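Single-structure report; data block below.
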Amino acid sequence: MKIKLRHATALGIALIVAGLAIFLIKALALHYPLAPGAQSTLYDYELYIEFDGRNQPARIEAFVPASDVERAFPQEQFYNGSFGLSLTGDATRNRKAVWTYRYPADRKVLRYSAQTLGETKSTPLPLSFRESEPEESPFEADPVKRQAFIVWSGNLRQRSADDSSFAELAIFETFGERTESEQYADEIAALLDPRGGVVSRLELARQLLHSQGIPARIANGVYLTEARRRVETRHWLEYHIDGDDRRYFPEGDPARFFTIWYGTEPMIEAAGIENLETQIALRAQEASAANIAENMPGPGGAFGKAFGFSSLPLTTQLVYQVLVTIPIGITILVFLRQFVGFKTLGTFMPVLIGIAFRETALLNGVLLFTLLVALGLALRFYLERLQLLLVPRLAVVLIFIVIAMAVIAVLMAETNQAMGLSISLFPMVILTMTIERMSIVWEENSASEAIKQGLGSLFVAAISYLAMTNSYAEHIMYRFPEFLLVLMGLCILMGRYTGLRLSELWRFKALAS
Amino acid sequence: MLNTYRALRANGVIGINERNVKYVNALNPRKLLVRVDDKLVTKELAAPAGIPTPELYGVIRDARDMKRLPEFIDHADGFVIKPAQGSQGKGIIVVESPLKGGWRLSSGKRIDLESIKFQINNMLSGMYSLGGQPDKALVEYRVKFDDVFGKVSFRGVPDIRVIVLKGIPVFGMLRLPTAESDGKANLHKGGVGAGIDLATGLSMRAMQHDYFIELHPDTAHPLENIQTPYWDDILLMAAKSYEVTGLGYIGVDVVLDREKGPLLLELNARPGISIQIANRKGLRFVLEKAMALSETPRTPEERVAIAKTLTL
Chain A
-2 MKIKLRHATA LGIALIVAGL AIFLIKALAL HYPLAPGAQS TLYDYELYIE
48 FDGRNQPARI EAFVPASDVE RAFPQEQFYN GSFGLSLTGD ATRNRKAVWT
98 YRYPADRKVL RYSAQTLGET KSTPLPLSFR ESEPEESPFE ADPVKRQAFI
148 VWSGNLRQRS ADDSSFAELA IFETFGERTE SEQYADEIAA LLDPRGGVVS
198 RLELARQLLH SQGIPARIAN GVYLTEARRR VETRHWLEYH IDGDDRRYFP
248 EGDPARFFTI WYGTEPMIEA AGIENLETQI ALRAQEASAA NIAENMPGPG
298 GAFGKAFGFS SLPLTTQLVY QVLVTIPIGI TILVFLRQFV GFKTLGTFMP
348 VLIGIAFRET ALLNGVLLFT LLVALGLALR FYLERLQLLL VPRLAVVLIF
398 IVIAMAVIAV LMAETNQAMG LSISLFPMVI LTMTIERMSI VWEENSASEA
448 IKQGLGSLFV AAISYLAMTN SYAEHIMYRF PEFLLVLMGL CILMGRYTGL
498 RLSELWRFKA LAS
Chain B
129 MLNTYRALRA NGVIGINERN VKYVNALNPR KLLVRVDDKL VTKELAAPAG
179 IPTPELYGVI RDARDMKRLP EFIDHADGFV IKPAQGSQGK GIIVVESPLK
229 GGWRLSSGKR IDLESIKFQI NNMLSGMYSL GGQPDKALVE YRVKFDDVFG
279 KVSFRGVPDI RVIVLKGIPV FGMLRLPTAE SDGKANLHKG GVGAGIDLAT
329 GLSMRAMQHD YFIELHPDTA HPLENIQTPY WDDILLMAAK SYEVTGLGYI
379 GVDVVLDREK GPLLLELNAR PGISIQIANR KGLRFVLEKA MALSETPRTP
429 EERVAIAKTL TL
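Residue numbers (my numbering), protein chains in the order written: chain A, -2 to 510; chain B, 129 to 440.
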């Protein structure tokens, strides 16, 4: 007894915990949207390369975004024309598309496009980067520069308290305006090419950080906040100090950006062509957040796929969209029966009627249901006089229900009532059994008892219909089918409830004194 | 509402949920339920155990048996036809005497052979059985009920319900038909229930429709302090039903016949909980006490002795 109770309770709680755990992973770690219709901005990134062939072997290399575990990067496409395409480099870091052709003539166009959610400043840097131990002695070839670097970095070290303040100081002085009064102006001038752009300064800052053993790298990409036809590539520094991911954007802080490659190399290198023109375009578009989350590459997307319906064909998905809401209705029914003590005609009949209401909408559904049951009951009482046997009588009632449904549909179609058409979706067998049960209760107990149970069933049907068609419930059940485990656990727990029902409080009120 | 809940818990009132989980499901193995669901099986098991039941005149299983119907019902003092798997008295035909080529029903109406056959066919097709399974019809001796409850019954047959936990009778109740219940003793149809003191067999207080009452609603006779005859025999029958069925929680329905004394009418594997109102007491404490006492095996006689001390 006790053991069974404990067993059931443990199983119920385990199911609920498992379901909630999967839900929390999906909601918090994988950012599945909790509300239906949540929209996220998806960016179309397009790299457009145009050039003239020179009738000699051509080779164009361009960095393309790597699919990184940490960021959403749903899909990509290459438009190669007649060129051969090969992908080189690390799939998760510097990935390069190499287009080649033996003798291109005329003007050629190559395109690459991808969709991304991009990254934000809070996007974590990969573990492999955080743990890398940089050791590098720059400017080996140039003793003057090497000397200047050693002096300057040593001095920066003296003027800083820790890695963090060192990094801030190094970046500040690398990017700061040169003034004559500055103490190490000479060293900085020697190290920094005045004509060099952002990249060369970032490189110097990176070398300074590396000299202190701080992992750092130059990242190149685009700012998604600048979504337009023609976008500049941007460069920034990523470094990691004391468990803290940091990014320094010399060209202004973007709310959202998209990393394409790392290092100081230019984005595109070409040989054997002329008049190269490249263009990066960004376009923002709204997309269903749920779809983006499920289509993410990497373990996150795989996890979502394993606990979701996105791998099924669309029509099957639509079926499951309805199916997974039914357990909500069932659970409500269990609650109303076990805790409240509702009396219904048939165990799951109200939920099945509730499902039928999906097609008819609530008010029409209730009206049609009442009409059909009333007609069926009238027939059933007439049949009682004929003294038919049970199964044939049920069959007669069922056929009558079909006829009544057809007549109602035809009549309503003539008067242009759309609601008449939806009547055909009522489950006739369920209606027939309802009529039979109701008439038996009517005879065995009383008319008022039959009507009471009929209304009770209708009420439960309406409640479960409202719950099952609630857009939040639909969304949560469809996107997070692990809630089926939670509902199952709840039903198991309710199955061991031995307390009094609400209706029993009323029934036994005489004993309460 | 919470106060009501607490008060009911404190008085040991159990609900349907608790009855089902702790007693019906835990003590009544499903495979043994056929022993109580089929009245023919119950009858066959009861006789060798020394539990008297109404005499069986015949069993109708199919059309061939139906030909023997006139032979089965050839009894001048009436007969009863009931579905073997019926519950709550559904579908029962009670015939009192022959009347003008037909028969007289207990309700006073006349019935002919064709109508009886039609009713039997309904029974066979499973109209009254659980889940609509095909059923049998039993033709039985009509109980001539003892006049002791005549003043507190309105037509119909009064009966005695005893709740038995693992062979120990724990609660008793007198069920009396009223005009409203149409001669049936079922409480939910408006019958009167009166608690019976297990030790003495005296009726205590009564209820109808979940309310306490003092007088029978139709005969206006006081319901308290009526001595149930053969009380010890009834308790012993109830206690023996445990060995007969192997079911740990049953309701034993007994009728009193003027000549034959107490007869077992039927056994119920999920007896109702309204008996608590009739006894003005919750079942839980008595059930738990009986549960503890049932740990050691005892004879039916010993269990009856225990039952008499239970409520002291």
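The beta-carbon is built from N, C-alpha and C at its ideal position, and this holds for glycine as well.
Here the structure is a predicted model, which is why all the values come from computation and not from measurement.
- Bounds of the beta strand (DSSP E) holding A/ARG108 are 104 to 113.
- When C-alpha distances from B/GLY400 are compared across B/ASP325, B/ILE142, B/VAL222, the shortest belongs to B/ILE142.
- Here the alpha carbon of B/ALA420 sits roughly 12 Å from the alpha carbon of B/ARG412.
- Contact note: B/PHE246 reaches chain A through GLN384, using a C-beta cutoff of 7 Å and chain order.
- With respect to chain A, the C-beta atom of B/VAL141 has a partner C-beta closer than 8 Å.
- For B/MET301, the enclosing beta strand (DSSP E) has its first and last residue at 296 to 304.
- Comparing alpha-carbon positions, the option among B/ARG333, B/LEU343, B/ALA327 lying closest to B/PRO357 turns out to be B/ALA327.
- With respect to the 8 Å criterion, A/PRO121 and A/GLY305 are not classified as neighbours on the basis of their beta carbons.
- Residue state for A/VAL228 is assigned as coil, using DSSP reduced to three classes.
- For B/THR437, the three-state secondary structure derived from DSSP is helix.
- Contact note: A/GLY496 reaches chain B through TYR133, ARG137, GLY143, ASN145, GLU146, using a C-beta cutoff of 9 Å and chain order.
- Linking A/ALA167 to A/LEU153 through their CA atoms gives a straight-line distance of about 7 Å.
- Excluding sequence positions up to five before and after B/ASP338, its CB lies within less than 8 Å of the CB of SER402, ILE405, all in the same chain and listed in chain order.
- Take A/VAL219, set aside five residues on each side of it, and the residues of its chain with a beta-carbon closer than 8 Å to its own are TYR42, VAL228, GLU229, THR230, ARG231, PHE254, PHE255, ILE257, ILE277, LEU279, in chain order.
- The Cβ of B/GLN261 sits no closer than 8 Å to any Cβ of chain A.
- Here the alpha carbon of A/GLY50 sits roughly 39 Å from the alpha carbon of A/TYR245.
- Taking the C-beta atoms as reference points, A/ARG493 is found nearer than 8 Å to A/ALA5.
- Secondary structure at B/SER309: coil, using DSSP grouped into helix, strand and coil.
- If the five residues before and after A/GLN282 are omitted, its C-beta is found closer than 6 Å to the C-beta atoms of LEU39, all from its own chain and listed in chain order.
- Taking a Cβ-Cβ threshold of 7 Å, the residues of chain A close to B/ILE405 are PHE505, ALA507, LEU508, in chain order.
- For B/THR373, no beta strand (DSSP E) encloses it; the enclosing alpha helix (DSSP H) starts and ends at 359 to 373.
- Interface criterion met: the Cβ of B/ASN249 is under 8 Å from a Cβ in chain A.
- C-alpha of B/ASN314 to C-alpha of B/PRO350: approximately 20 Å in a straight line.
- For A/GLU262, the secondary structure class from DSSP, reduced to helix, strand or coil, is coil.
- Neighbourhood of A/LEU360 in chain B, by CB distance below 9 Å: empty, with the nearest CB roughly 32 Å away.
- Annotation for B/VAL292: the continuous beta strand (DSSP E) segment containing it runs 287 to 293.
- Closer than 8 Å to the CB of B/ASP338 there is at least one CB belonging to chain A.
- A Cβ-Cβ separation of about 16 Å leaves B/ALA177 out of contact with B/LYS294 under the 8 Å criterion.
- Taking a Cβ-Cβ cut-off of 9 Å, A/VAL457 has no neighbours in chain B, whose nearest Cβ is about 17 Å from it.
- The Cβ-Cβ distance between A/VAL370 and A/LEU428 falls below 8 Å.
- The alpha-carbon of B/LYS264 is positioned some 47 Å away from that of A/THR313.
- Listed in chain order, the positions of the segment 361 to 386 of chain B with a beta carbon within less than 9 Å of a beta carbon of chain A would be empty, since no residue qualifies.
- A straight line joining the alpha-carbon of B/GLY319 with that of B/VAL285 spans about 11 Å.
- Distance from the CA atom of A/GLU235 to the CA atom of A/GLN335, rounded to whole angstroms, is 59 Å.
- The residues LYS171, LEU266, GLU268, in chain order, have a CB closer than 7 Å to that of B/LEU184 in the same chain once the five nearest residues on each side in sequence are set aside.
- Closest by C-alpha distance to A/GLY486, out of A/LEU17, A/LYS1, A/ILE0, is A/LEU17.
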